[in-house]
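Enquirer: For the sequence shown, the numbering used here gives the first residue as 35, with consecutive numbering after it. Even for Gly, the Cβ is constructed at its ideal location relative to N, Cα and C. Please read all numbers here as calculations on a predicted model, not as lab measurements.
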Amino acid sequence: MTHHVASQKRVWNFSPGPAVLPLEALEEAQRDLLALPGVGASVLEISHRSKIFESIIQAAEDNIRKLLKIPNNYFVLFLQGGARLQFGMIPLNFLRQTGKTAEFIVTGSWGAMALKEAQTQGPVRAIWDGKAEGYRRVPRPEEYRPSPDAAYVHFTSNETIEGVQFRVEPEVGDLPLVCDASSDFLSRPIPIERYALLYAGAQKNAGPAGVTIVIIRDDLVRRCPEDLPSMLNYRKHAEAKSLLNTPPCFAVYMVKLVTDWLLRQFGDLQKVHEHNQRKAAILYEVIDHSNGYYRGHAHPEHRSLMNVTFRLPNESLEKKFVSEADKAGFMHLEGHRSVGGCRASIYNAMPIEGVQALKEFMIEFQKNNPA
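This is the structure in structure tokens:
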């Protein structure tokens with residue numbers, strides 16, 4: 035039997051998701067893909083009801099609990115359907131037939147989409163919307179006022195497309211705070227007890243596409259209505275410990291490997307946060323010292339540490355930048371198709387060396403391509 039070792043050189047992958055994964059986690063998955071140690075079969079082949087898979091999903095949950103310091107009155111669920119299914123599942127469980135309104139703080143494209151989906155299940159209201167300003171910032175606390183009887187308040191902690199990030203949670207009093215944390219999940223410490231429900235597609239910081247992590251407080255779980263299909267009912271998933279149906283076993287296994295790596299490499303999310311701050315500072319410094327050649331999209335105090343969005347003097351230079359970057363081994367620097375421009379996504383697994391290499395490329399490109 036011949037073994038083919040990966041001889042292909044890895045590029046610097048700045049994709050917004052599915053995104054770069056830690057090399058150590060990929061190598062471990064590669065090493066054990068044919069047979070898990072002590073099992074003799076691939077993780078792709080074992081039953082989700084087996085003791086071995088139960089230990090894998092439990093370890094993934096334990097790692098997430100440890101990293102985010104999650105109290106016992108929260109469930110950690112591994113679901114499917116991405117953040118987009120959560121956009122509908124949350125109002126299905128907590129808005130429909132309540133007679134209340136779901137309120138949204140909209141700071142970018144994903145928040146707008148979440149609001150639109152919630153509209154299918156009941157009344158919604160944007161208590162702040164940054165669209166008129168081109169989604170360049172998050173609101174100040176005095177700019178929005180939730181109704182005291184809102185069903186819940188939803189916000190997106192980091193807008194992947196526009197590169198806008200909340201530094202602190204919105205002030206909503208005792209109302210249930212719901213958060214789409216897909217693109218900054220596990221990138222920094224957060225006070226989880228401020229949230230009623232927090233969800234994240236894994237494919238930015240926590241693993242591959244296919245699994246969505248939902249952290250939900252037990253009082254919400256108890257409120258789930260009886261008349262829902264079981265796959266759309268958080269309580270059913272919580273009672274079945276995420277094994278209501280066959281979960282995305284390989285994706286859950288990769289979440290375990292990625293969170294193992296985070297704990298090994300950094301120990302805690304404060305260290306992860308410092309690492310991410312250092313990386314983002316390198317790129318924002320290039321932008322801010324380019325005499326307007328590179329123009330950041332977000333207001334400086336609301337810039338994302340995960341998605342660095344910027345423009346060049348004109349579209350033809352942007353096209354050239356993306357194309358030359360690609361040839362030089364920097365992948366996926368194009369902005370989202372809805373907004374154009376350029377974007378460097380620098381999630382947890384992007385090493386500082388990759389960011390430094392991009393910095394040098396950007397400086398060189400500006401020198402060789404005057405506006």
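Name, in chain order, the residues that DSSP records as bridge partners for Pro235.
Expert: The residue labelled residue 235 in the question sits at position 201 within the sequence shown. Contrary to the premise, residue 235 reads as Gly rather than Pro in this sequence. Answer is Thr246.
Enquirer: With a threshold of 8 angstroms, are at least 3 pairs of Cβ atoms found where one atom belongs to the segment 236-249 and the other to the segment 202-218?
Expert: They touch, by the three-pair rule.
Enquirer: Indicate whether Lys165 and Val198 have their beta-carbon atoms separated by less than 8 angstroms.
Expert: By one-based count along the sequence shown, residue 165 stands at place 131. By one-based count along the sequence shown, residue 198 stands at place 164. Not in contact: Lys165 and Val198 (Cβ atoms no closer than 8 angstroms).
Enquirer: Give a yes or no on contact between the segment 110-119 and the segment 269-288, applying the rule of three or more CB pairs nearer than 8 angstroms.
Expert: Cβ pair count under 8 angstroms is three or more, so yes.
Enquirer: Can you give, in chain order, each stretch of the beta strand (DSSP E) that sits fully within the segment 100-138 and has at least 3 residues?
Expert: Qualifying beta strand (DSSP E) stretches, in chain order: 108-113.
Enquirer: Near Leu291, which residues of its chain fall below 7 angstroms by C-beta distance, leaving aside the five closest residues on each side in sequence?
Expert: In the sequence shown, counting from the first residue as 1, residue 291 sits at position 257. Ala59, Glu62 and Ala63.
Enquirer: Roughly how many whole angstroms lie between the Cα atoms of Glu352 and Tyr327?
Expert: By 1-based counting over the sequence shown, the position of residue 352 is 318. By 1-based counting over the sequence shown, the position of residue 327 is 293. Straight-line Cα distance between these residues: approximately 11 angstroms.
Enquirer: Note down the Cα distance separating His38 from Glu349, rounded to an integer number of angstroms.
Expert: The residue labelled residue 38 in the question sits at position 4 within the sequence shown. The residue labelled residue 349 in the question sits at position 315 within the sequence shown. Below a pLDDT of 50, predicted positions are generally treated as unreliable, and His38, at 46, falls in that range; the measurement from the model is reported next regardless. Spanning the two alpha carbons is a distance of roughly 42 angstroms.
Enquirer: Using 8 angstroms as the threshold, is the C-beta distance between Gly330 and Phe344 below it?
Expert: To locate residue 330, count along the sequence shown from 1; it is residue 296. To locate residue 344, count along the sequence shown from 1; it is residue 310. Against a cut-off of 8 angstroms, the Cβ pair of Phe344 and Gly330 comes out as a contact.
Enquirer: Three-state secondary structure (DSSP) at Thr190?
Expert: Residue numbering aside, residue 190 sits at position 156 when the sequence shown is read from its first letter. Note: Thr190 maps to strand in three-state DSSP.
Enquirer: Around the Cβ of Asn341, are there at least 16 other Cβ atoms within 10 angstroms (buried) or fewer (exposed)?
Expert: Position 307 of the sequence shown, counting from 1, holds the residue named residue 341. Label assigned to Asn341: buried.
Enquirer: Runs of 3 residues minimum, wholly inside the segment 333-391: which ones carry the beta strand (DSSP E) assignment?
Expert: As far as the segment 333-391 is concerned, its whole beta strand (DSSP E) runs of at least 3 residues are 341-345 and 376-379.
Enquirer: With 16 other CB atoms within 10 Å as the buried threshold, where does Arg30 fall?
Expert: Only positions 35 to 405 of the chain appear in this structure, which leaves residue 30 out of reach.
Enquirer: Give, in chain order, every unbroken run of the beta strand (DSSP E) that is at least 3 residues long and sits entirely within the segment 267-342.
Expert: Within the segment 267-342, no complete beta strand (DSSP E) run reaches 3 residues.
Enquirer: Distance check for Gly375 and Arg251, CA to CA, integer angstroms please.
Expert: Within the sequence shown, the letter at position 217 stands for residue 251. Within the sequence shown, the letter at position 341 stands for residue 375. For Arg251 and Gly375, the distance between alpha carbons rounds to 39 angstroms.
Enquirer: Looking only at DSSP bridge pairs, what is Arg170 linked to?
Expert: If you number the sequence shown from 1, residue 170 lands on position 136. Beta-bridge pairing links Arg170 to no other residue.
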